[in-house]
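Data block below; observations after.
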Amino acid sequence: NAPIRNRAVQVLLTTMSTMQQKTRPGKTSRSRGFPLKCLWFTLLLACTASSIYVSSNLVANNEFQNNEAVRSLAPQAAAKNTTMKEEHNWPGVSKEELGHALVHKGTTFVKDARQLLLSNLDEFLEVYSNRPDPINLCGIRINHAYALYITIKALQPTAIIESGVNAGVSTYIMRAAAPDAKIFPIDPLAIPICNQQQRWIDTKNAVYYTGNEFKDVGDIDWKHHVKNGEMDPDRTLVFLDDHLPVFDRLPVLMKHGFRHIILEDNYKKGKGATPGDKGGWTPKQMLHRVDKDSTYLWNNMIQYAEFPPLVPSIMSKESTHPQKKAGGFMHQTDTNIDIVAPILRPDVSEKDNQIYEKICKKLGVDPSLKDDNSYMQLMNYNQISYFELVPMAPRLRGANWSVTT
């Protein structure tokens with residue numbers, strides 16, 4: 014900034030000299046001194062302003078260069094800056110208010126998803142690579158499996174309610190993450206769909222409400238299980254994977270004091286595999302709009318967060334797999350404005366790419382995701398979310414909901 018400041022001084026001194034030479038004869042020294050004093054004062058201000066201007070431009074230029082470095086991050090630079098927040102150049106920006114495509118409320122353990130996963134990565138990969146159905150066509154895959162796993166690790170529930178069992182892969186993940194928890198698998202069918210033939214059954218500590226023994230979440234006598242010491246509502250995790258209108262199920266959960274919920278199929282607006290999915294009653298669909306129902310949901314949520322996918326959709330750029338109209342899968346053409354920044358950025362970070370390749374090798378999938386199995390394994394993601402509900406007051410939870418005279 015010294016050359017610019019010196020140039021400013023030179024210009025002002027030249028101007029002052031010119032004005033002195035042009036001062037008309039007969040003017041008193043006082044009248045001549047006044048403009049000179051003004052010029053000296055102006056000179057001082059100009060020097061100060063030039064310093065501030067140049068300094069601020071240097072700061073702004075540095076910030077611009079730093080942002081550009083993030084945007085065009087080379088693998089070598091990424092390895093040196095492992096603390097860089099990748100979400101800074103991610104299109105999706107979550108808002109803590111209704112009416113947006115990407116919304117959160119409060120601060121949950123989900124913000125630490127990367128740390129939770131990486132600190133348990135070897136253990137999780139060992140569990141997941143030995144899952145009972147490697148394909149699990151109509152069930153949980155790695156993005157949702159890791160979310161379920163780290164949730165259990167973070168919350169350490171003593172009981173887990175699973176609504177929607179299918180082949181039992183999610184039950185298997187639950188048991189691996191919580192060896193001593195009581196699990197309540199619920200499903201109207203005795204055998205899985207999608208020709209998966211066999212259901213994995215937990216024989217350690219579970220009460221099954223499936224097939225002929227099926228009872229829906231709202232029809233089970235949870236008070237009985239509480240009195241028997243099998244569960245504590247405050248320490249119970251509810252895993253919903255049943256493709257039913259989620260909002261309609263909340264009164265039952267709140268009545269029994271169940272607060273901690275994971276929704277596996279949290280479809281976006283207009284997406285869904287069933288009419289129940291598309292009806293606009295998933296949290297993501299509801300929080301995208303502002304009406305009385307969404308306001309009620311917002312006011313009765315203590316926390317809400319969507320888990321990040323493992324990697325961005327650009328990792329599937331070599332795949333020819335078509336985009337699914339029903340949703341539930343990421344695609345290379347996604348704008349990502351409604352998706353949380355991924356845990357790993359193999360596209361810009363060499364360190365993350367090494368972790369990604371390690372995961373792919375352990376699972377036996379192609380990192381380029383060219384084949385359908387690899388694509389479906391890594392791109393299956395449906396905004397799986399965790400939220401904590403406000404439970405009903407003890408008196409209301411114990412009420413029989415009938416009017417007495």
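If you read the sequence shown in this note's numbering, its first letter stands for residue 14, the second for the next number, and so on. Glycine included, each C-beta is placed from N, C-alpha and C at the ideal position. All values derive from a computational prediction rather than experimental measurement.
{"Check": "Roughly how many whole angstroms lie between the Cα atoms of Y222 and I199?", "Outcome": "5 Å"}
{"Check": "By Cβ distance below 6 Å, which residues in the same chain neighbour Q298 in space, the five residues on each side in sequence not counted?", "Outcome": "K282"}
{"Check": "Which residues in the same chain have their Cβ closer than 6 Å to the Cβ of N218, if we skip the five residues on either side of it in sequence?", "Outcome": "K195"}
{"Check": "Just to confirm the assignment: which complete alpha helix (DSSP H) runs, minimum length 4, are found wholly within the stretch 347 to 393?", "Outcome": "363 to 376, 385 to 392"}
{"Check": "H273 to P104, Cα distance in whole Å?", "Outcome": "29 Å"}
{"Check": "Using only alpha-carbon positions, find the residue among L266, L257, T308 that is nearest to G285.", "Outcome": "L257"}
{"Check": "Considering only C-alpha positions, which residue in the set D306, L402, I155, F342 is nearest to I327?", "Outcome": "F342"}
{"Check": "Please report how far the alpha carbon of Q367 lies from the alpha carbon of S107, in whole angstroms.", "Outcome": "28 Å"}
{"Check": "Buried or exposed for T295, going by 16 or more other Cβ atoms inside 10 Å?", "Outcome": "buried"}
{"Check": "Alpha carbon to alpha carbon, how far is W235 from M405? Give it in angstroms, no decimals.", "Outcome": "15 Å"}
{"Check": "Can you look up H238 in the DSSP assignment and give me helix, strand or coil?", "Outcome": "helix"}
{"Check": "What span of residues does the alpha helix (DSSP H) with E226 cover, start to end?", "Outcome": "It is not in any alpha helix (DSSP H) - E226 carries neither H nor E in the DSSP assignment."}
{"Check": "Compute every distance between the C-beta of L129 and the non-hydrogen atoms of the ligand SAM, then say whether any falls below 7 Å.", "Outcome": "You won't find the ligand SAM in this model; it holds no ligand whatsoever."}
{"Check": "Taking 8 Å as the threshold (C-beta atoms), are Q396 and T121 in contact?", "Outcome": "no"}
{"Check": "Apart from the five residues just before and just after D304, which ones in its own chain have a Cβ nearer than 8 Å to its Cβ?", "Outcome": "none"}
{"Check": "When the Cα of N312 is compared with those of Q169, I173, L402, E139, which residue comes out closest?", "Outcome": "L402"}
{"Check": "Going by alpha carbons, who is nearest to L409 out of F260, S329, M187, L266?", "Outcome": "L266"}
{"Check": "Are the beta-carbon atoms belonging to A160 and D351 less than 8 Å from one another?", "Outcome": "no"}
{"Check": "Looking only at its own chain, which residues have a Cβ that is under 7 Å from the Cβ of K383, when we skip the five neighbours before and after it?", "Outcome": "E331, S332"}
{"Check": "Tell me where the beta strand (DSSP E) around A172 begins and ends.", "Outcome": "172 to 176"}
{"Check": "K305 by DSSP, collapsed to three states: which one?", "Outcome": "helix"}
{"Check": "Use the C-beta contact count for E175: other C-beta atoms within 10 angstroms, 16 or more gives buried, fewer gives exposed.", "Outcome": "buried"}
{"Check": "Less than 8 Å between the beta carbons of Q345 and S362, yes or no?", "Outcome": "no"}
{"Check": "Going by C-alpha distance, which of T348, C151, P264, D247 is nearest T171?", "Outcome": "D247"}
{"Check": "Could you compute how far the alpha carbon of V220 sits from the alpha carbon of T348?", "Outcome": "43 Å"}
{"Check": "Please list, in chain order, all residues of the same chain as A473 whose beta carbon is under 6 Å from its beta carbon, the five residues on each side excluded.", "Outcome": "Only positions 14 to 418 of the chain appear in this structure, which leaves residue 473 out of reach."}
{"Check": "Pull up the distance between the alpha-carbon of G231 and that of M314, whole angstroms please.", "Outcome": "20 Å"}
{"Check": "Contact defined as beta carbons within less than 8 Å: I believe S142 pairs with L376. What is the distance between those atoms, to the nearest angstrom?", "Outcome": "6 Å"}
{"Check": "In terms of residue numbering, what span does the alpha helix (DSSP H) encompassing V140 cover?", "Outcome": "134 to 142"}
{"Check": "Assuming S398 contacts N279 under a Cβ cut-off of 8 Å, what Cβ separation, rounded to an integer in Å, is found between them?", "Outcome": "5 Å"}
{"Check": "Among residues of its own chain, excluding the 5 on either side of R144, which ones have a beta-carbon nearer than 7 Å to its beta-carbon?", "Outcome": "V182, Y185"}
{"Check": "With DSSP collapsed to three states, give me the class of K124.", "Outcome": "helix"}
{"Check": "Measuring CB to CB, does I356 end up less than 8 Å from A189?", "Outcome": "no"}
{"Check": "With a threshold of 16 other CB atoms inside 10 Å of the CB of I206, please say whether the residue is buried or exposed.", "Outcome": "exposed"}
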